[in-house]
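Okay, structure first, notes after.
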Amino acid sequence: YQPPPLLSLRTLAAVPLQSMVALAVLLLILILWLRRDMFAVLLCRMAKDPRQWRGRPAAALVNARCVLYLEGNAYRLGSEFFAQAVEVRYSPLFVRINVKGSNHALVVPRRMPKAIGARRTPEDRAAAG
37 YQPPPLLSLR TLAAVPLQSM VALAVLLLIL ILWLRRDMFA VLLCRMAKDP RQWRGRPAAA
97 LVNARCVLYL EGNAYRLGSE FFAQAVEVRY SPLFVRINVK GSNHALVVPR RMPKAIGARR
157 TPEDRAAAG
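Throughout the sequence shown, residue numbering follows this note's numbering, covering 37 to 165 in sequence.
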């Protein structure tokens, strides 16, 4: 007696088609979830922002770790923005970041502003009584 192999035509034929489709959809959702950042960047590159860039650019500073803190969110930028003063422009969908005096710009999806100071630490709770 030999046990049947794990993947054979008989074992695949015994699995209902609905189960195989459900497993494929689940696998696709898992892959898309793991690659969601790349998907968001791809959508932002393809999207047309109807409002364009309104208002004047605001000055900001990128720290030595190439991170820009804006509206309570941290935007990780590339090494070309290392410790640079940058100009930031907003639109409802995107944030446009460029080095002052340069035509090179980085467009990233805009994150919702975080409420600054909304979270209390244990020390704050103890001091409040």
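Cβ atoms here follow ideal geometry from the backbone N, Cα and C, with glycine treated the same way.
Exercise for the section: Count the other CB atoms, across all protein chains shown, that sit within 10 Å of the CB of Leu113; report buried if there are 16 or more and exposed otherwise. Expected result: Locating residue 113 in the sequence shown gives position 77, counting from the first residue. Residue burial is scored here from C-beta neighbours: Leu113 has at least 16 other C-beta atoms within 10 angstroms and is therefore classed as buried.
Exercise for the section: Look at Ile133 and Phe117 and say whether their C-beta atoms are less than 9 Å apart. Expected result: As a first step, residue 133 must be located in the sequence shown, where it is residue number 97. As a first step, residue 117 must be located in the sequence shown, where it is residue number 81. Here Ile133 is near Phe117, since their CB atoms are less than 9 Å apart.
Practice task
Label Tyr111 either buried or exposed according to how many other C-beta atoms from any shown protein chain fall within 10 Å of its C-beta, with 16 as the threshold for buried.
Solution key: Residue numbering aside, residue 111 sits at position 75 when the sequence shown is read from its first letter. Flag for Tyr111 reads buried.
Practice task
Compare the Cα-Cα distances from Pro149 to each of Leu106, Val135 and Gly137 and report the closest residue.
Solution key: On the sequence shown, position 113 is the one that residue 149 refers to. Looking at the Cα atoms, Leu106 is the closest of the given residues.
Handout entry: Residues near Ala76 by beta carbon distance below 8 Å, same chain, minus five either side
Key = As a position in the sequence shown, residue 76 is number 40, starting the count at 1. Around Ala76: Pro145.
Practice task
Reducing DSSP to helix, strand and coil, say where Leu64 ends up.
Solution key: Taking the sequence shown and counting its residues from 1, one reaches residue 64 at position 28. Leu64: helix per DSSP, three-state reduction.
Exercise for the section: Please determine if the stretch 95-105 and the stretch 58-77 are in contact, where contact requires at least 3 C-beta pairs separated by less than 8 Å. Expected result: Result no; under three Cβ-Cβ pairs closer than 8 Å.
Practice task
Taking Pro145 as part of the beta strand (DSSP E), name the residues at either end of that continuous run.
Solution key: Locating residue 145 in the sequence shown gives position 109, counting from the first residue. From DSSP, the beta strand (DSSP E) with Pro145 extends over Ala141 to Pro145.
Problem - Alpha-carbon spacing of Val135 relative to Ala121, whole angstroms - result: As a working mapping, residue 135 is identified with position 99 in the sequence shown. As a working mapping, residue 121 is identified with position 85 in the sequence shown. Per the coordinates, the alpha-carbon of Val135 lies some 6 Å from the alpha-carbon of Ala121.
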